[in-house]
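*Asks:* Structure incoming, see below.
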Amino acid sequence: MVLSVLLGTVAGTLLLAAPAGAHTDFVRSDPEDGATLDDMPSRLLLEFSDEMDPRLSTVTLRLGTGASTSLELTSGAGPSILSATVPGSLAIPITGETRWTVTFRVVSRDGHPVVGSTRFSVRAPQAEPPTSSAPADDPPGAEADRGPAGTTEAGSDSEPGRTVWAIAALGVGALLLVIGAVGATVRLVGRDRDRSA
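The opening residue of the sequence shown carries number 1 in the working numbering; numbering runs sequentially from there.
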């Protein structure tokens, strides 16, 4: 009899202690706590050890020490996952590195609350190095010698350049012929004078 009473007391104590000791734990987040990203995420995922009720939960996102923005919550891929949508207005162009804090107060379907936070950073994209438009085979300074259509300004290979040189050569040749003719005429006149004398 005493043994039955003792066993009943122990069983009742265990039954009463079990619900009081049960609690919901935060398991992980995506992005992970402390992560550094190249782009602002469009969605945050929070996973817990029990089924969560989005209607009884709140998740906020804060930039640095600024004001918090409440995020819209839905159920994730599993019953223990909450999905928080990040508004497009928060995905603004950034400079340097921005630090974000996710704060949550969520309630499981059996009424257990969980309060906590996680953090991540978003870094600015790296600037693209300037690229040169000059061909790789050109020697240094070749770009400065190029004309309007990519031709060099030394006109020796162009049609107008050849024409100028041809005219100049013809002119010099004609001048030499004239000088030679004048010289020959002077010599002939000199000979005739010598003979007549």
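Here a beta-carbon is modelled for each residue, glycine too, at the ideal position from N, C-alpha and C.
Taking the straight line between their C-alpha atoms, what separation do you get for glycine 96 and leucine 63?
*Replies:* Taking the straight line joining both Cα atoms gives about 13 Å.
*Asks:* Taking a contact to mean a Cβ-Cβ separation below 8 Å, would you say valine 86 touches proline 41 in this structure?
*Replies:* Contact: yes.
*Asks:* Confirm, please, whether the CB-CB distance from arginine 119 to aspartate 33 is below 8 Å.
*Replies:* Contact: yes.
*Asks:* If we ignore side chains and look at the alpha-carbon of each, how far apart do glycine 116 and aspartate 39 end up?
*Replies:* Approximately 24 Å between the Cα atoms of the pair.
*Asks:* Among Glu47, Trp100, Thr98, whose alpha-carbon lies nearest the alpha-carbon of serine 75?
*Replies:* It is Glu47.
*Asks:* With DSSP as the reference, label serine 156 as helix, strand or coil.
*Replies:* Confidence is the limiting factor: at serine 156 the pLDDT is only 45, short of 50, which leaves the residue's position unreliable, though a coordinate-based value still follows. Helix.
*Asks:* For serine 57 versus leucine 82, is the C-beta distance shorter than 8 Å?
*Replies:* Cβ distance < 8 Å, so serine 57 and leucine 82 count as in contact.
*Asks:* Can you give me the C-alpha to C-alpha distance between serine 121 and arginine 109, rounded to a whole angstrom?
*Replies:* About 31 Å.
*Asks:* Pick out whichever of Val59, Ser70, Ser89 has its Cα sitting closest to the Cα of valine 114.
*Replies:* Out of Val59, Ser70, Ser89, Val59 has the C-alpha closest to the C-alpha of valine 114.
*Asks:* Using only the alpha-carbon positions, how far apart do aspartate 30 and valine 102 sit?
*Replies:* So the alpha carbons of these two residues sit roughly 11 Å apart.
*Asks:* Give the straight-line distance between the Cα atoms of proline 54 and proline 125, rounded to the nearest whole angstrom.
*Replies:* Cα to Cα, the separation comes out at about 34 Å.
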